[in-house]
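With the numbering used here applied, the sequence shown closes on residue 122, and no number is skipped along the way.
Glycine included, each C-beta is placed from N, C-alpha and C at the ideal position.
Quantities reported herein were computed from a predicted structural model and do not represent experimental measurements.
Working notes, beginning with the structure itself.
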Amino acid sequence: MASIRDDQHRRDLVMRLKRVEGQLRGIQAMIEKGAECEQVTQQLSAARRALDKAFFQVVACAVQGGSGRSVSADERLREAAQLLARFG
35 MASIRDDQHR
45 RDLVMRLKRV
55 EGQLRGIQAM
65 IEKGAECEQV
75 TQQLSAARRA
85 LDKAFFQVVA
95 CAVQGGSGRS
105 VSADERLREA
115 AQLLARFG
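In structure tokens form, the structure reads like this:
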């Protein structure tokens, strides 16, 4: 299975996850302060979309062959399909 080897790709992914983490902390604070359910669900939806983007960024890494090893396009697609079937 591919891993994230490109430094820029890894930094981008970590920054995206840190933003999601911040969103989740904000949602926790909203809940603790008694925010309306509609506001909370809106923020949860935004955090979920941001996390989905991170997920698909990692799947794209698998398709693009992020491991640095020489594999065929068919093998990369098979790995991506396995990721999507298992976690998507």
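Asked                                                                                         : Found
The ligand MN heavy atom lying under 7 Å from the CB of residue 49                            : Because no ligand of any kind appears in the structure shown, any question about the ligand MN cannot be addressed here.
Residue interval of the alpha helix (DSSP H) (run including residue 38)                       : It is not in any alpha helix (DSSP H) - residue 38 carries neither H nor E in the DSSP assignment.
Spatial distance of residue 65 from residue 59 (CA atoms)                                     : 10 Å
Touch test, the segment 49-58 against the segment 74-85, Cβ-Cβ under 8 Å, three pairs minimum : yes
Distance between beta carbons of residue 118 and residue 93, contact taken as under 8 Å       : 6 Å
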